[in-house]
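Numbering (my numbering), first residue to last: 1 to 443.
Quick reminder that beta carbons are idealized off the backbone N, C-alpha and C, glycines included.
Step one of this worksheet: look at the structure below.
Set out below in structure tokens:
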């Protein structure tokens, strides 16, 4: 369905997938694409809420929003937070940018793979980024003790942990996070990025936001666009000690929050039950999706508490080729992870969607990989025969062997946990960001 103009967008020098609007402009017909790439909540806002927003769209776009203090006040009333401990941004990436500028002085430690802005942003401002490679052999689980040891050995002055982590969905318990914060209380800053926490089982109970306000060096970052299914609105917030929150809030531009964000925040009180129900449904869908993907021969599916699933492709499969063919031949969009530090083109991240969509995804993957599909209930009409990616290896003969260190990332100490610093990436790797590539290029 999508031509060369569309697949070429994915090969451009970018650390992120093309936007919906870019795909439409390239002739991809984005409205017909089944999106497993952008990690939104598929059940919220409800159709009735979209209708309500549509009716007020003229006023929303015509008039200035209220002050950020007004919007923050309403959000804090809903969430039970003290407004003095909160700063809201035009998306969590705006807050990451200001955290880097204001609070990261020399160096930052972060496990990888993870959300790209936590590695790229400080590199772009000349900071040293110390990267601990999460071990595939342990399902990409972060061992807090190894991370603390890594921070000490590198002399990092700030640290970030995403909980759950993106792209693998791995998650630490609340007690593990608090123990980590205790051991790193001498650092300039520790950030716990909880952008996907509300999709986790018992997510709210695992948050450390209440504890962050009592600690002078801790920030908890939260997303709203992902949870509410509204990436285009661009809003997120952080929770921190009042002194830290005020420092970030005072640096933010006036009217950095738009009228659509304000409208959504003030709608939430009336739709809290629908929101909670949507999160419960995502959890159910995630378990069903993991089960279905696990039945595809050759795939390795990792445990996840996010609204996405991290998958290793069979030996010999190339994620970029799979991505392009799924889009061009089946109208299915997936996130290939070759431009994530610590990952490779052997991995894809798949957003949780309702079961009928997952059935279509699985059938499309089997066709592209093997030229055949496993019947699921009533099989979909078989498309024209296509050249399978793994024609020489039957699906049942594939061995799931541990992947070698990605892109030359070198193992280090810390209980056998691999680790990597900026500059330890083999020749030929590109992050998709020119400034980052210059910093990580081998000497």
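Where residue 282 falls: helix, strand or coil (DSSP): Taking the first residue of the chain shown as 1, we reach residue 282 at position 282. DSSP places residue 282 within a helical segment (H, G or I) once states are collapsed to three.
Proximity test, Cβ basis, 9 Å: residue 197 and chain C: Included in the structure is just one protein chain, with no chain C present.
Those runs of the beta strand (DSSP E) which lie wholly inside the region 165 to 195 and span at least 3 residues: Fully enclosed beta strand (DSSP E) runs of 3 or longer: 189 to 193.
Segment contact flag, the region 156 to 173 with the region 184 to 201, C-beta cutoff 8 Å, min 3 pairs: The region 156 to 173 is in contact with the region 184 to 201.
The ligand GDP heavy atom lying under 8 Å from the CB of residue 195: The ligand GDP is not among the ligands present in this structure, which contains no ligands whatsoever.
Expected contact under 8 Å - CB spacing of residue 446 and residue 102 to nearest Å: A question about residue 446 goes unanswered here, because the residues of the chain that appear run from 1 up to 443.
Exposure of residue 133, with buried meaning 16 or more beta-carbon neighbours within 10 Å: In the chain shown, the residue the question calls residue 133 occupies position 133. The residue in question, residue 133, is buried, as its Cβ has 16 or more Cβ neighbours within 10 Å.
Assigned secondary structure, residue 342 (DSSP; H/G/I helix, E/B strand, else coil): Working through the chain shown from its first residue, we reach residue 342 at position 342. Assigned with DSSP and collapsed to three states, residue 342 falls in coil, not helix or strand.
In DSSP terms, what residue 336 is bridged to: By one-based count along the chain shown, residue 336 stands at place 336. Beta-bridge pairing links residue 336 to 348.
CA-to-CA distance, residue 169 to residue 329, given in whole angstroms: Against the chain shown, residue 329 aligns to sequence position 329. Against the chain shown, residue 169 aligns to sequence position 169. Cα to Cα, the separation comes out at about 28 Å.
Neighbourhood of residue 256 by C-beta, 6 Å cutoff - its chain only, sequence neighbours within 5 removed: Locating residue 256 in the chain shown gives position 256, where the first residue counts as 1. Apart from the 5 residues on each side of it in sequence, residue 256 sits with its Cβ closer than 6 Å to the Cβ of 90 in its chain, given in chain order.
Cβ pair residue 231, residue 38 closer than 9 Å: Residue 231 sits at position 231 when you count from the first residue of the chain shown. Residue 38 sits at position 38 when you count from the first residue of the chain shown. With respect to the 9 Å criterion, residue 231 and residue 38 are classified as neighbours on the basis of their beta carbons.
Beta-carbon gap between residue 138 and residue 109 smaller than 9 Å: Position 138 of the chain shown holds residue 138. Position 109 of the chain shown holds residue 109. For residue 138 and residue 109, no; Cβs fall outside 9 Å.
For residue 308, the three-state DSSP class (helix, strand or coil): The sequence position of residue 308 within the chain shown is 308, counting from 1. Correct three-state label for residue 308: strand.
Beta-carbon gap between residue 529 and residue 189 smaller than 9 Å: With the chain covering only 1 through 443, there is no way to say anything about residue 529.
Contact under 9 Å by Cβ, residue 390 with residue 370: Translated into positions along the chain shown, residue 390 becomes position 390. Translated into positions along the chain shown, residue 370 becomes position 370. Using a Cβ distance threshold of 9 Å, residue 390 and residue 370 count as a contacting pair.
Limits of the beta strand (DSSP E) - the one that residue 33 falls within: Numbered from 1 along the chain shown, position 33 holds the residue referred to as residue 33. For residue 33, no beta strand (DSSP E) encloses it, and the DSSP letter there is neither H nor E.
Start and end residues, beta strand (DSSP E) containing residue 370: Within the chain shown, residue 370 is the residue found at index 370, counting from 1. Segment 355 to 370 is the alpha helix (DSSP H) holding residue 370; no beta strand (DSSP E) there.
Straight-line Cα distance separating residue 258 from residue 64: Stepping through the chain shown from its first residue, residue 64 is reached at position 64. Stepping through the chain shown from its first residue, residue 258 is reached at position 258. C-alpha separation (whole angstroms): 8 Å.
Cβ shell of residue 398 (< 7 Å), same chain only, five flanking positions each side left out: Translated into the one-based positions of the chain shown, residue 398 becomes position 398. Annotation note: pLDDT 44 at residue 398 (below 50); position unreliable, no value reported.
Secondary structure of residue 237, DSSP reduced to three states: Position 237 of the chain shown, counted from the first residue, corresponds to residue 237. In the structure shown, the three-state DSSP call for residue 237 is strand.
Length-filtered (3 minimum) beta strand (DSSP E) runs lying within the region 42 to 129: Counting only runs of at least 3 residues, the region 42 to 129 fully encloses the following beta strand (DSSP E) elements, listed from N- to C-terminal order: 86 to 89, 107 to 112.
Unbroken beta strand (DSSP E) run spanning residue 222, endpoints: Here residue 222 is taken as the residue at index 222 of the chain shown, counted from 1. 218 to 223 is the span of the beta strand (DSSP E), which, as asked, contains residue 222.
Residue 446 versus residue 229 - alpha carbon distance: Residue 446 lies beyond the range of the chain shown here (1 to 443); nothing can be said about it.
Residue 160 - containing beta strand (DSSP E), residue span: Numbered from its first residue, the chain shown carries residue 160 at position 160. Segment 158 to 162, the beta strand (DSSP E) holding residue 160.
Beta-carbon proximity check, residue 131 vs residue 341, cutoff 9 Å: Translated into the one-based positions of the chain shown, residue 131 becomes position 131. Translated into the one-based positions of the chain shown, residue 341 becomes position 341. In terms of Cβ geometry, residue 131 and residue 341 form a close pair [threshold 9 Å].
Boundaries (first-last residue) of the alpha helix (DSSP H) holding residue 323: Within the chain shown, numbered from 1, the residue matching residue 323 stands at position 323. Residue 323 -> alpha helix (DSSP H) spans 319 to 330.
Residue 86 beta carbon less than 9 Å from that of residue 245: Residue numbering aside, residue 245 sits at position 245 when the chain shown is read from its first letter. Residue numbering aside, residue 86 sits at position 86 when the chain shown is read from its first letter. Cβ distance < 9 Å, so residue 245 and residue 86 count as in contact.
Pair within 9 Å by beta-carbon distance, residue 309 and residue 352: Within the chain shown, residue 309 is the residue found at index 309, counting from 1. Within the chain shown, residue 352 is the residue found at index 352, counting from 1. One thing to note: residue 309 has its Cβ within 9 Å of the Cβ of residue 352.
Whole-angstrom distance between residue 287 and residue 295, CA atom to CA atom: Here residue 295 refers to the residue found at position 295 of the chain shown. Here residue 287 refers to the residue found at position 287 of the chain shown. So the alpha carbons of these two residues sit roughly 13 Å apart.
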